[in-house]
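Protein chains in written order, with the working numbering: chain F, 23 to 354; chain Z, 605 to 1011. Report on the following structure.
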């Protein structure tokens, strides 16, 4: 096994996760052959519509679920073959922040106990030391120290998300998966949490895999963005490049579907026909071809590999790869 | 459902001053959209589809201490799309239910007037509301699955409305149901008539909900977060559909959302609701180009958009107050970066800045000033007697203690 380049913190190679589909003999290919590098200190955005496999991929990165095939390399070590003990050690370095600040905090435990649980699991510190660390964590996420003695229901959604962040960061991980971490929050609170997460990243040198369906939020926070469709990465690019020159027809459709930000802003909307199809069975050729307005006969035959274009964008589209895809009409 | 008795509804003293009667006319920036007088009584313009005056909703258990909606007044003209924007706790969904007379028993409503197609329903018995519901006004919700009957075929659910409204039954109803599914652009509509809701995708279910809502050809459709549960590409489909239907049939639409993108995309006028009160009511372009209420301004700057990238997002400190903990003065004051002592003393009246632009702020942001706020240094101020000057004065002398991050 070759070691990863220095700046890659965690990566997946040919990662698969298949689930048996209920009521059929088919398999749902939630993640179906993903190669993805996350670089140290960056925020990698992961966007896609529901059912595309983005949350599954995030959980695979932490090995919260077992992959069907493929490997996850964390600083060159394969996480998929670690035993329980070794995995637990690794888990200090990799954490997750969940979407739902209501469902992910135990209502019967105090905030202090929720945060300190991480120390208990890893048998770190004495009682007093833990209490001190909890206070530090509360300071870090700008919650009052007396929050430690209160219960989750006493807090607003934004404050609960701060608690969730404090818990995720309690062991000072280096890699954090943020799974729709601000999606459930009201807009006025969302910006507070986004800013907090960016500050913490700076302060603690965190690396984020930021999963969201909200393209504007992902664009704001990410350096690079991966677009996922039916279990595959279809495009991976620098955030600004992705929005200025989306290469994949699906990315273009996705971007054009975002509501305008001003009433006078022109709409270039290519409304995609139909819904995201179920991820059962492996369609021959490109998965997006049935909904793609540029699809050619070859698209239904050949499964397009990720190809790197001259501007550095990686795209899984035969037409984009050989330059025959018509340019996006809003190229400005 | 709580029916307010006419005595409680009739006399409801609230501190409204300047905005008492909305002058007819239109903002020059709006184009052709005009704001007719409240009852359409001036003879100018068609009568309003909906006129709500002084709508107040409280918790039945604590009528004196709670406030969910406070003195909300607005109109919807024929063919108009009114956006209602607010965060959770702003009372926007309660507002929709009030218009339909569907408030749960835990809430009590009072209003000077809720006129649907000119008929005042405030204080009327529930039968009166029922004749309007479904026929003249219909509603679609965020999660279609909770509003569809899971054990009834889609076709039957549409026919039910047609039958119930006394219009048709049997073969004609079946034909009409098919037409409606075609109208909402459901692929292979004939077979979908036989489908159960669980067999449909989220977008398809919302289309069915729209078909059901349109079955009785209402004059007013209320859509409460109709696309919030949907993926962005499906949201685009549903918004396009709603826009098409609205233009085709001249339907009036109240679109309730927390998403300013949807507001920009779809609406003619916008009511910004904050903690149960109208913060601002203006044509959509005015809201985006020259918001006068600090809350509107804060919302617009707090949201990341696809425009130029910003290093940091503006934040609004704190969170929306609960129904039992409303501040006595301006409800936004505790979070407002322009707050003054007077803001916390009494609720600011909703007053007109121009014919079509109402704002509830005692020192609204002027467009010029707002530009200046974005600039690195404030421009020198002459006189110092204007409201803007006062605000600059305060901003310059004391640091804004309210901009701290903790909630």
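Just so you know, even glycine gets a beta-carbon here, dropped at the ideal spot from N, CA and C. None of the values given here were measured: they were computed from a predicted structure.
Beta-carbon proximity list for residue i, same chain, < 8 angstroms, skipping 5 on both sides
i, result
"residue 877 of chain Z", "676, 688, 689, 690, 694, 695, 696, 699, 883"
"residue 173 of chain F", "129, 130, 131, 132, 133"
"residue 817 of chain Z", "742, 743, 744, 825"
"residue 331 of chain F", "269, 337, 342, 343"
"residue 952 of chain Z", "933, 934, 964, 965, 966"
"residue 335 of chain F", "257, 258, 259, 260, 263, 264, 267, 269"
Burial state of residue i, where buried means 16 or more other Cβ atoms lie within 10 Å
i, result
"residue 915 of chain Z", "exposed"
"residue 858 of chain Z", "buried"
"residue 333 of chain F", "exposed"
"residue 150 of chain F", "exposed"
"residue 795 of chain Z", "exposed"
"residue 166 of chain F", "exposed"
"residue 107 of chain F", "exposed"
"residue 346 of chain F", "exposed"
"residue 861 of chain Z", "buried"
Cβ-based neighbour list, residue i, same chain, cut-off 7 angstroms, excluding 5 preceding and 5 following
i, result
"residue 307 of chain F", "321, 322, 323, 324, 325"
"residue 59 of chain F", "30, 33"
"residue 841 of chain Z", "807"
"residue 753 of chain Z", "761"
"residue 920 of chain Z", "902, 906, 939"
"residue 918 of chain Z", "902, 905, 906"
"residue 81 of chain F", "87"
"residue 144 of chain F", "114, 193"
Straight-line Cα distance separating residue j from residue i
i, j, result
"residue 873 of chain Z", "residue 956 of chain Z", "15 angstroms"
"residue 222 of chain F", "residue 139 of chain F", "21 angstroms"
"residue 781 of chain Z", "residue 811 of chain Z", "13 angstroms"
"residue 211 of chain F", "residue 849 of chain Z", "34 angstroms"
"residue 298 of chain F", "residue 805 of chain Z", "9 angstroms"
"residue 157 of chain F", "residue 193 of chain F", "14 angstroms"
"residue 764 of chain Z", "residue 666 of chain Z", "39 angstroms"
"residue 231 of chain F", "residue 245 of chain F", "11 angstroms"
"residue 41 of chain F", "residue 180 of chain F", "34 angstroms"
"residue 686 of chain Z", "residue 899 of chain Z", "19 angstroms"
"residue 1026 of chain Z", "residue 719 of chain Z", "Nothing in the structure corresponds to residue 1026 of chain Z, since chain Z is present only between 605 and 1011."
"residue 54 of chain F", "residue 701 of chain Z", "45 angstroms"
"residue 218 of chain F", "residue 934 of chain Z", "28 angstroms"
"residue 653 of chain Z", "residue 823 of chain Z", "7 angstroms"
"residue 237 of chain F", "residue 865 of chain Z", "12 angstroms"
"residue 112 of chain F", "residue 93 of chain F", "15 angstroms"
"residue 750 of chain Z", "residue 768 of chain Z", "21 angstroms"
"residue 292 of chain F", "residue 78 of chain F", "28 angstroms"
"residue 726 of chain Z", "residue 732 of chain Z", "10 angstroms"
"residue 204 of chain F", "residue 87 of chain F", "23 angstroms"
"residue 202 of chain F", "residue 278 of chain F", "21 angstroms"
"residue 659 of chain Z", "residue 712 of chain Z", "11 angstroms"
"residue 870 of chain Z", "residue 316 of chain F", "29 angstroms"
"residue 970 of chain Z", "residue 756 of chain Z", "55 angstroms"
"residue 101 of chain F", "residue 69 of chain F", "24 angstroms"
"residue 240 of chain F", "residue 57 of chain F", "20 angstroms"
"residue 249 of chain F", "residue 835 of chain Z", "14 angstroms"
"residue 339 of chain F", "residue 314 of chain F", "11 angstroms"
"residue 170 of chain F", "residue 910 of chain Z", "38 angstroms"
"residue 52 of chain F", "residue 135 of chain F", "35 angstroms"
"residue 833 of chain Z", "residue 235 of chain F", "11 angstroms"
Interface flag, residue i vs chain A, CB-CB below 9 angstroms
i, result
"residue 277 of chain F", "Absent from the structure is chain A; the protein chains it does hold are F and Z."
Proximal residues to residue i (C-beta, below 6 angstroms), its chain only, five neighbours per side dropped
i, result
"residue 759 of chain Z", "781, 797"
"residue 272 of chain F", "251, 256, 310"
"residue 838 of chain Z", "807"
"residue 880 of chain Z", "671, 672, 673, 674, 695"
"residue 947 of chain Z", "933, 934, 937"
"residue 736 of chain Z", "720"
"residue 283 of chain F", "none"
Residues that residue i bridges to, as DSSP identifies them
i, result
"residue 59 of chain F", "F:33"
"residue 714 of chain Z", "Z:660"
"residue 200 of chain F", "F:119, F:232"
"residue 67 of chain F", "F:232, F:247"
"residue 103 of chain F", "Per DSSP, none; premise fails for residue 103 of chain F."
"residue 687 of chain Z", "Z:859, Z:874"
"residue 95 of chain F", "F:33, F:100"
Is there contact between the stretch 703-714 of chain Z and the stretch 779-794 of chain Z, where contact requires at least three CB pairs shorter than 8 angstroms? no
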